[in-house]
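Engineer:
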Amino acid sequence: MITLYLKTWWDHWRTLLAWSLTLVLLVSIQMSIYPSIRENSAALQGFLDSYPEAIRKIFRMQDYTSGPGFLSTELYSMMVPLVLIAVGATWGASATAEEEDEGTADILITLPISRTRILLSKIAATITVVVALSFLAVANILILKNPVEMKIDTAKLLAATLSSISLGIFFTGVAFLVGAFSRHKGSAIGVVTGLSLIAFLIYSLSALVDDFDPITPYNPMEWGLGGQPLFNGVDTAGNLKLLVGGVILLVLAIAQFNRKDISTP
Amino acid sequence: MSSHIAISLNKLTKNYGATRGITEVSFDVHHGEVMGFLGPNGAGKTTAIRTLLGLIKATSGNATILGVNALVPDIELKRKIGYLPGIAATYDRFTARGYLHFIARMRKLELEKEINQYANRLDLELDDHIHDLSKGNRQKISVIQAFMHSPEVFFLDEPTSGLDPLVQREFEVMLNEARARGAAVILSSHVLSEIEHLADRIAIVDKGRIVVVDEISALKAKARRKVELFFDKPIHNSDFLKVPNIKEIQAMDGSLTCVVTGSENELLKRAVELGVNQVRTEESSLEEIFLGLVSAP
């Protein structure tokens, strides 16, 4: 299993490197502009207050100039979770669909390893990368927080990280399930990306549009982001829903992969 | 040839797409036997092989490989199988060596020596990246991964496509070695000449159904062939009217041509009675047999 686990990393090392650099760049740029935000907090807050309420709600701009407010708005309400979801979605959707697309699935599946173990190896590699990238972002913030004089509670930062990881794992589950039904990598990635963006859009607009209220409790983005972990600490219920949901999706993906007729290019 | 059955298909059926399925395919392959699996493109050869390997799930029927139910996933059975897919794709990012070692590690085997030996025999440069290799060289990698762990059962789907003649000859030597140590082989091809000298028996499949399973010599014996007989004296059609198994008789002066299906015994007996000088038989090629058996596309 470890052979296939390592191979999954090897398959994606270029994109992984790109995502890591993107994340580091994103976090570093945001952290580097924080001092100017903090120094002009009074003026800026006044300016932000002049934003339409809708915009402030969508971007969760309450208390924007504080450490948690800034990180929440700039990184943890959207960018970091979306990077993790993107990685989980592409690795998950391509795990089996890409092998079928390229015709490598035939030899892989006839090797002395069960289909369940094939998928478990790839799931393990994907979840590892989601966790690793999350901690890369945290490490980046912790290194830069003193130089930019940001006041941030490490425990709450870790709580936000946990929520991001849970979201990443949930959408990894979505991706593996879609991938297990699909025969083509491109369509699988498209479907998963579409689903996550719709969930995110509904979550963002739910602050404004009352019509979304009935579905908000079922929106995974709400489970991951709605608890505002940078302000409120670990959102146990939200994380549990995401992790249990993620595991259920992964189990369904394995079941589907086991009964699937493997296609050839 | 050992009489032990290594692969057995019993009414194996797979409904798959509108045209690509197989219907009630049955035949056995023994240890030490190469079964040529012959049919036009799209006849169902690949579907039959992939169903046997569990890549696609059988609709009905059953199959055993080495006495084990082949339609239920079995890790121990997979260790004993070598498979060369019809569309043999390898991971392009690897070198040939890296890919073959990856496959060996997945099999939990140390195959360094075998990989080097087979690469030498097939003239494959192991340290080249696969994406830089020609189709023929990629096919060599796929051949090696099917042979390197000395499997007891082979499924080779169009194995020589893309290989140059010299490499094809080495492949044949490898196949004969495997047969000699008792391996059972299903070798699919639409190239008749390839099957003709590699296979012990052939199964001809057309539109998802088995048309015939037999030894090549037996198939040829059953086939139509043209016989020419030469005599010192004039000969007439009427001299041969009572001989069985022949038709299209044409006598002309001292010679007679006819088409024989099945045994030539009675024809030759009658010819000897009439003082035949010379007999010339035009062997029908496997291709003619094949075309006689499969329906027009």
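Chains as they are written, first to last, in numbering that gives the first Met the number 0: chain C, 0 to 264; chain R, 0 to 296. Positions of the beta carbon are idealized from the N, C-alpha and C atoms, including for glycine.
Give a yes or no on whether the minimum CB-CB distance between Leu8 of chain R and chain C is below 9 Å.
Structural biologist: So, not an interface residue.
Engineer: For Thr127 of chain C, which residues in chain R fall below 8 Å Cβ to Cβ?
Structural biologist: Ordered by position in chain R, no residue passes the 8 Å Cβ test against Thr127 of chain C, which lies about 19 Å from the chain.
Engineer: Indicate whether Phe69 of chain C and Met0 of chain C have their beta-carbon atoms separated by less than 9 Å.
Structural biologist: Contact check for Phe69 of chain C against Met0 of chain C fails: the beta carbons are separated by 9 Å or more.
Engineer: Show which residues of chain R have a CB atom less than 7 Å away from the CB atom of Lys121 of chain C.
Structural biologist: Result: empty, since nearest Cβ-Cβ is about 13 Å, beyond 7 Å.
Engineer: Among C:Pro80, C:Asp100 and C:Trp8, which residue has its Cα nearest to the Cα of Glu277 of chain C?
Structural biologist: For chain C, the structure presents residues 0 to 264; residue 277 of chain C sits outside this window and is missing.
Engineer: With distance defined between alpha-carbon atoms, name the residue in C:Gly167, C:Gly87 and C:Ile84 nearest to Leu242 of chain C.
Structural biologist: C:Gly167
Engineer: Any idea what DSSP makes of Ser188 of chain R, helix, strand or coil?
Structural biologist: strand
Engineer: For Ala87 of chain R, collect the residues of the same chain with a Cβ closer than 6 Å to its Cβ; drop the 5 residues on either side in sequence, then sort them by chain order.
Structural biologist: Ser141
Engineer: Go ahead and pull the three-state DSSP assignment for Ile86 of chain R.
Structural biologist: coil
Engineer: Which residue comes first and which comes last in the alpha helix (DSSP H) that contains Thr89 of chain C?
Structural biologist: Met78 to Glu101
Engineer: In whole angstroms, give me the CA-to-CA distance for Leu191 of chain R and Ser165 of chain C.
Structural biologist: Each residue's alpha carbon lies about 58 Å from the other.
Engineer: Count the other C-beta atoms from every protein chain shown that fall within 10 angstroms of the C-beta of Glu281 of chain R, then say buried if there are 16 or more, exposed otherwise.
Structural biologist: exposed
Engineer: Whose CA, out of R:Val24, R:Gly41, R:His148 and R:Ile74, lies closest to the CA of Val210 of chain R?
Structural biologist: R:Val24
Engineer: Does the beta-carbon of Ala220 of chain R, which I'm using as the reference point, lie nearer than 8 Å to any heavy atom of the ligand NAP?
Structural biologist: For the ligand NAP, the structure offers nothing, since it holds no ligand at all.
Engineer: Return the chain-ordered list of same chain residues with a C-beta closer than 7 Å to the C-beta of Lys225 of chain R, the five sequence neighbours on each side being excluded.
Structural biologist: Thr256, Val258 and Glu281
Engineer: Under DSSP, the beta strand (DSSP E) around Asn9 of chain R begins and ends at which residues?
Structural biologist: Counted as a single uninterrupted DSSP element, the beta strand (DSSP E) harbouring Asn9 of chain R occupies residues Ile4 to Lys13.
Engineer: Output yes or no for whether 9 Å exceeds the beta carbon distance between Gly161 of chain R and Ser187 of chain R.
Structural biologist: no
Engineer: Report the neighbours of Glu101 of chain C on chain R: residues whose CB is nearer than 7 Å to its CB, in chain order.
Structural biologist: Listed along the chain, the chain R residues whose CB falls inside 7 Å of the CB of Glu101 of chain C are Ala88.
Engineer: Using a beta-carbon distance below 9 Å, is Arg49 of chain R in contact with chain C?
Structural biologist: Yes, Arg49 of chain R counts as interfacial toward chain C.
Engineer: Would you check if the distance between the CB atom of Asp156 of chain R and the CB atom of Ile48 of chain R is smaller than 9 Å?
Structural biologist: yes
Engineer: Scan the segment 39-69 of chain R for residues whose Cβ lies nearer than 7 Å to a Cβ of chain C and list them as they occur along the chain.
Structural biologist: Leu52, Leu54, Ile55 and Lys56
Engineer: Report yes if the C-beta distance between Ile140 of chain C and Met30 of chain C is below 9 Å; otherwise report no.
Structural biologist: yes
Engineer: How about Ile74 of chain R and Leu52 of chain R: do their beta carbons lie closer than 9 Å?
Structural biologist: no
Engineer: Report yes if the C-beta distance between Ser162 of chain C and Gly226 of chain C is below 9 Å; otherwise report no.
Structural biologist: yes
Engineer: Do you know offhand how far Asp10 of chain C's Cα is from Ser76 of chain C's?
Structural biologist: 30 Å
Engineer: Do the CB positions of Arg178 of chain R and Gly66 of chain R come within less than 9 Å of each other?
Structural biologist: no
Engineer: Starting from Arg104 of chain R, find everything on chain C with Cβ-Cβ shorter than 8 Å and list it in chain order.
Structural biologist: Thr2
Engineer: Report the three-state DSSP secondary structure of Arg279 of chain R (helix, strand or coil).
Structural biologist: Looking at Arg279 of chain R - three-state DSSP - the assignment turns out to be strand.
Engineer: Establish whether the CB of Gly135 of chain R and some CB of chain C are separated by less than 9 Å.
Structural biologist: no
Engineer: Under 8 Å by Cβ, that's how I've got Val26 of chain C and Ala136 of chain C pegged, so tell me the actual separation to the nearest angstrom.
Structural biologist: 5 Å
Engineer: With DSSP collapsed to three states, give me the class of Glu247 of chain R.
Structural biologist: strand
Engineer: Under 6 Å Cβ to Cβ from Arg13 of chain C, same chain only, skipping five residues before and after it: list those, please.
Structural biologist: none
Engineer: With a threshold of 9 Å between beta-carbons, can Arg120 of chain R be considered close to chain C, or not?
Structural biologist: No, Arg120 of chain R does not count as interfacial toward chain C.
Engineer: Alpha carbons only, please: which of R:Ser7, R:Asn9, R:Ala17 and R:Ile6 is nearest the one belonging to Lys206 of chain R?
Structural biologist: Checking every option, the nearest Cα to that of Lys206 of chain R belongs to R:Ala17.
Engineer: Below 8 Å, how does it come out for the segment 110-127 of chain C and the segment 201-211 of chain C: are there three or more Cβ pairs, yes or no?
Structural biologist: no
Engineer: Give a yes or no on whether 9 Å exceeds the smallest Cβ distance from Phe101 of chain R to chain C.
Structural biologist: yes
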